[in-house]
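Participant: Structure below; questions to follow.
Residue numbers (our numbering): -8 to 551.
This is the structure in structure tokens:
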């Protein structure tokens, strides 16, 4: 410390001393922020009230939230919520992230208001591609006309924390949710004070202190979460109903990189509560339980199946894995195989093999048992999996290629099964095929599942999530030897692989998978996986969109 005497007054019993005190203090109350915001590309987040112009009556409205989250963003959010009153409109995010404390505040504001959240971009009517929310299209009073899109939209860094505030929170397979480490920045500041002392009987007594200036004296940063920061993050995730596993996803990526969270992982951890299908878009409200089929909302309620006699089930010994299913579902389970048929058809025309679960070293043996049971019948293999053992995936792919089977991606739903357990043990019969339905929307084939997918002849998908996997150095040779065997370009694959990837893989568009050769066709809008192959003796009256040996459909240019 340095003291500069300003003046000295002698009195009968005391002396008064005014001094300046210069202190260098570390300011601990800092904002946690993403590293990339040092050179932020986005302007601060702004909020626009938007009304869809793609409909005529009862058109949905939403709050478009785009830009960087800053310390004053929560106040801006409160302002627009005050403007709309008690209306519960979805908040549609497109943001690279920003201030973590502000994201916490936003999430709590959204949750308290009971609002929904979604990942998506907004384009206002009449705006150019390079300026999708142009100033000229923003209404002065009321809502601006526009529409939302998923493809290429993103919610990164601190944005998923704000997204987590939604009472329901949705994304699509074409949007990106990304997390990474939190960077805490500590600023050192030199503070100057003017201090007034009274000296009584030779002793100094401070009687006033006034700050007269401050100057930045340096800065430091850390990616290590301290006890307080960890406690705050953990408490917030618990408050929002999000798994603490998100912290692991964050800490596994440096601040200069992003961990893209696959759709299935985002659902498992609770970052999102549902996936949008190809005909749903961000900003659609969640359907009420009694919503009409034509209502503009997402997550339409599934009609209750009649309580009929239990559908028959496959005789294949691979059903044993399903016996472990209970009321509380495990996070993962080994892949099992069900021989399925759709109740609207008979004979071979709409039968398929539902392959659902994680790929383990035992999975190829289970697949072989199923194929042995079927004999020479060539049924489509419909996959839904997070991936798993790479060698087992190689073995499965070679088995499917040798049998000349088709592969695709789909989620299988059995009658009377709950949403969280769509292949429940109670609906699996005791002999013969199992009745059910299969859907491309919200289905996924991630990581090593993609290696199995690429073995099909043909291999076709609808609007499902496809995840790429990056091989380790030790796996590299076998990995690309398998590619050559399946007729897929390893060179193109390497070129298109993102700079970073996650354990589950990186999500790509079906059009990109087509370019890579992972798939060689797309399923049209009005069809589902496993439904399009008809047996040679199928009757014309049966619901068979295409006959056997049907050609694959080129990928459409429009994806959400």
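Glycine is no exception: its CB is placed at the ideal position from the N, C-alpha and C atoms. None of these values were measured; they are calculated from a predicted model.
Using 8 Å as the cut-off, can you tell me whether the segment 188 to 208 makes contact with the segment 284 to 293, which would need three or more C-beta pairs spanning the two stretches below that distance?
Facilitator: They do not touch, by the three-pair rule.
Participant: Measure the alpha-carbon distance for residue 457 versus residue 286 and round it to whole angstroms.
Facilitator: So the alpha carbons of these two residues sit roughly 29 Å apart.
Participant: Have a look at 375, 117 and 132 and flag the residue whose alpha-carbon is nearest the alpha-carbon of residue 125.
Facilitator: It is 117 whose Cα lies nearest to the Cα of residue 125.
Participant: Tell me whether the segment 412 to 420 and the segment 470 to 484 touch, counting them as touching only if at least three CB pairs, one residue from each stretch, are closer than 8 Å.
Facilitator: Result no; under three Cβ-Cβ pairs closer than 8 Å.
Participant: Looking at C-alpha atoms only, which residue of 67, 83 and 59 is the closest neighbour of residue 52?
Facilitator: For residue 52, the nearest C-alpha among the options comes from 83.
Participant: Hey, could you find the ends of the alpha helix (DSSP H) residue 387 is sitting in?
Facilitator: 381 to 394 is the extent of the alpha helix (DSSP H) around residue 387.
Participant: So, helix, strand or coil for residue 50, using DSSP?
Facilitator: Coil at residue 50, not helix or strand.
Participant: Spell out a yes or no on whether the segment 97 to 114 and the segment 135 to 147 are touching, meaning 3 or more CB-CB pairs, one atom from each, closer than 8 Å.
Facilitator: Judged by Cβ distances under 8 Å, the segment 97 to 114 makes contact with the segment 135 to 147, as three or more pairs qualify.
Participant: Take residue 509 as the anchor and find which of 454, 518, 275 and 441 has the nearest alpha-carbon.
Facilitator: It is 441.
Participant: Whole angstroms are fine: how far does the CA of residue 439 sit from the CA of residue 406?
Facilitator: One C-alpha to the other measures close to 29 Å.
Participant: What separation, rounded to the nearest whole angstrom, lies between the Cα atoms of residue 200 and residue 179?
Facilitator: Between residue 200 and residue 179, the C-alpha separation is close to 21 Å.
Participant: Excluding sequence positions up to five away, which residues of its chain have a Cβ less than 8 Å from the Cβ of residue 250?
Facilitator: Same-chain partners within the cutoff: 169, 170, 171, 240, 241, 243, 244, 491 and 493.
Participant: Evaluate the contact criterion for the segment 271 to 280 versus the segment 88 to 101: three or more CB pairs, one atom per stretch, below 8 Å.
Facilitator: Too few Cβ pairs lie closer than 8 Å, so no.
Participant: Can you tell me the Cβ-Cβ gap for residue 332 and residue 413, rounded? I've got them flagged as a contact below 8 Å.
Facilitator: Incorrect: roughly 16 Å between the Cβ atoms, too far for contact.
Participant: Which word fits residue 350, buried or exposed, when buried means at least 16 other C-beta atoms lie within 10 angstroms of its C-beta?
Facilitator: Per the 10 Å Cβ criterion, buried.
Participant: Work out the CA separation of residue 403 and residue 328 for me, nearest whole Å.
Facilitator: Going from the Cα of residue 328 to the Cα of residue 403 covers about 11 Å.
Participant: Pull up the distance between the alpha-carbon of residue 194 and that of residue 188, whole angstroms please.
Facilitator: For residue 194 and residue 188, the distance between alpha carbons rounds to 10 Å.
Participant: Which value, in whole angstroms, describes the spacing of the CA atoms of residue 555 and residue 59?
Facilitator: Nothing in the structure corresponds to residue 555, since the chain is present only between -8 and 551.
Participant: What do you get for residue 198, buried or exposed, if any count of 16 or more other CB atoms within 10 angstroms of its CB means buried?
Facilitator: So residue 198 ends up on the exposed side.
Participant: Quick one: Cα of residue 154 to Cα of residue 78, how far?
Facilitator: If you take the alpha carbons of residue 154 and residue 78, they lie about 19 Å apart.
Participant: Distance, Cα to Cα, residue 14 vs residue 220?
Facilitator: Because residue 14 sits at a pLDDT of 37, beneath the cut-off of 50, its placement in the model cannot be relied upon, and the following sentence gives the value as read from the coordinates. Rounded to the nearest angstrom, the two C-alpha atoms are 27 Å apart.
Participant: With a CB to CB cut of under 7 Å and the five nearest residues on each side skipped, what residues in its chain are close to residue 308?
Facilitator: Model confidence at residue 308 stands at a pLDDT of 32, short of 50, so the residue's coordinates are unreliable; what they give is reported in the following sentence. Taken in chain order, the residues that qualify are 360.
Participant: Suppose only complete runs of 4+ residues qualify. What are the alpha helix (DSSP H) ranges in the segment 58 to 142, listed by chain order?
Facilitator: Taking only runs of at least 4 residues, the alpha helix (DSSP H) segments lying wholly in the segment 58 to 142 are 64 to 75 and 91 to 104.
Participant: Quick check for students: name the residue ranges of the alpha helix (DSSP H) that lie wholly in the segment 385 to 460, counting only runs of 4 or more.
Facilitator: The qualifying runs are 440 to 444.
Participant: Taking only runs of the beta strand (DSSP E) that begin and end inside the segment 178 to 246, which ones reach a length of at least 3 residues, in chain order?
Facilitator: List check, beta strand (DSSP E) in window: 194 to 213.
Participant: The ligand MN and residue 129: does the residue's C-beta get closer than 7 Å to at least one heavy atom of that ligand?
Facilitator: Of the ligands one can find in the structure shown there are none, so the ligand MN has no counterpart to examine.
Participant: Check whether the Cβ of residue 63 lies closer than 8 Å to any Cβ atom in chain B.
Facilitator: Note that chain B does not occur in the displayed structure, where there is just one protein chain.
Participant: Tell me the residue span of the alpha helix (DSSP H) that contains residue 376.
Facilitator: Where residue 376 is concerned, there is no enclosing alpha helix (DSSP H), given that its DSSP letter is neither H nor E.
Participant: Between which two residues does the beta strand (DSSP E) harbouring residue 502 extend?
Facilitator: No beta strand (DSSP E) contains residue 502, which is instead part of the alpha helix (DSSP H) from 501 to 507.
Participant: Taking the CB atoms as reference points, tell me whether residue 358 and residue 381 lie closer together than 8 Å.
Facilitator: Against a cut-off of 8 Å, the Cβ pair of residue 381 and residue 358 comes out as no contact.
Participant: Check whether the segment 362 to 377 and the segment 391 to 403 touch, using three or more Cβ-Cβ pairs below 8 Å as the test.
Facilitator: Result yes; three or more Cβ-Cβ pairs closer than 8 Å.
Participant: Going by C-alpha distance, which of 395, 129 and 427 is nearest residue 448?
Facilitator: Selected option, being the one with the closest Cα: 395.
Participant: Only counting the same chain, and skipping five residues up and downstream in sequence, which positions put a Cβ closer than 7 Å to that of residue 151?
Facilitator: Excluding sequence neighbours, residue 151 sits near 168, 170 and 262.
Participant: Nearest to residue 143 by alpha carbon, out of 364, 165, 135 and 259?
Facilitator: The shortest Cα separation from residue 143 among 364, 165, 135 and 259 belongs to 165.
Participant: For residue 255, is the classification buried or exposed, using 16 other Cβ atoms within 10 angstroms of its Cβ as the cut-off for buried?
Facilitator: Classification for residue 255: buried.
Participant: May I have the straight-line CA-CA distance separating residue 554 from residue 355, to the nearest angstrom?
Facilitator: Residue numbering for the chain in the displayed model covers -8 to 551; residue 554 lies beyond these limits and cannot be assessed.
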